[in-house]
Amino acid sequence: PLISEHAVEDVSFFLSGDNESFMTYDLSSVAIPPPVGEDGSELEYPREFPLGFEPLRSEQLAEMRVESSPVVKDPFCSPLLAPDSMLKGLPPVHIVACALDPILDDSVMFAKRLRSAGQPVTLCIVDDLPHGFLSLSQLSKETKEATNVCAE
């Protein structure tokens, strides 16, 4: 199914005021050994990503600070930060978020802000897809279906 069977509970957690207690995991001390060959020597692989373009890991995202970029403070780039006066002038908003998206909570919080401002909003959470799935829309049945949800 497109929507997780647990989506209602997951979203309810963020919409309720009782989301101050949550668990965090520090993965910085987890060591992942390099791949080794049959003789025990470390295998050499060609670089998968060009230097400087490696994908971010979760702990790197956690270290990013909003204060480091003035762009993220702009309500036109970060609508979650927009004042209520801007939100009240918006047309109906349809948000499609992903269960595997590291910024899922931002989508839920934005939907909550819109609802609090009296704006019509729908929030659809698709299961088992990452942030940016639209760029993968032709790769699988799930991404095609989720893309269609965005277009509806």
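Under the numbering used here, the very last position in the sequence shown is 248; numbers go up by exactly one each time.
Glycine included, C-beta positions come from ideal geometry on N, C-alpha and C.
Note that the structure is predicted; figures quoted are calculated from it, not measured.
Quiz prompt | Range of the contiguous beta strand (DSSP E) that encloses A178 | solution = Position 82 of the sequence shown, counting from 1, holds the residue named residue 178. Unbroken run through A178: none, as it is neither H nor E.
Quiz item: What are the start and end residues of the beta strand (DSSP E) that includes A193?
Solution: On the sequence shown, position 97 is the one that residue 193 refers to. For A193, the uninterrupted beta strand (DSSP E) run begins and ends at 189-194, by DSSP.
Self-check item: Candidates S174, L200, L210, P171: closest to P187 by CA position
Solution: Position 91 of the sequence shown, counted from the first residue, corresponds to residue 187. P187 has its Cα closest to that of L210, out of S174, L200, L210, P171.
Quiz prompt | Span of the alpha helix (DSSP H) around V132 | solution = In the sequence shown, counting from the first residue as 1, residue 132 sits at position 36. First-last for V132: undefined, no H or E at that position.
Quiz prompt | Q215 beta carbon less than 8 Å from that of V245 | solution = Locating residue 245 in the sequence shown gives position 149, counting from the first residue. Locating residue 215 in the sequence shown gives position 119, counting from the first residue. Cβ distance not < 8 Å, so V245 and Q215 don't count as in contact.
Exercise. Could you tell me which of A242, L230, K208 sits nearest to D223, measuring between CA atoms?
Key: To locate residue 223, count along the sequence shown from 1; it is residue 127. That would be A242, whose Cα lies nearest to the Cα of D223.
Quiz item: Is the CB-CB distance between A207 and I221 below 8 Å?
Solution: As a position in the sequence shown, residue 207 is number 111, starting the count at 1. As a position in the sequence shown, residue 221 is number 125, starting the count at 1. No; because the gap between Cβ atoms is not below 8 Å, this pair is not in contact.
Quiz prompt | Whether L225 touches E238 by CB criterion (8 Å) | solution = Counting from one through the sequence shown, the residue named residue 225 turns up at place 129. Counting from one through the sequence shown, the residue named residue 238 turns up at place 142. Yes, the Cβ-Cβ distance between L225 and E238 is below 8 Å.
Quiz item: L186 by DSSP, collapsed to three states: which one?
Solution: As a working note, residue 186 is residue 90 in the sequence shown. Three-state DSSP puts L186 in coil, outside helix and strand.
Self-check item: Own chain residues within Cβ distance below 7 Å of M182, not counting five before or after
Solution: Numbered from 1 along the sequence shown, position 86 holds the residue referred to as residue 182. Contacts found: P171.
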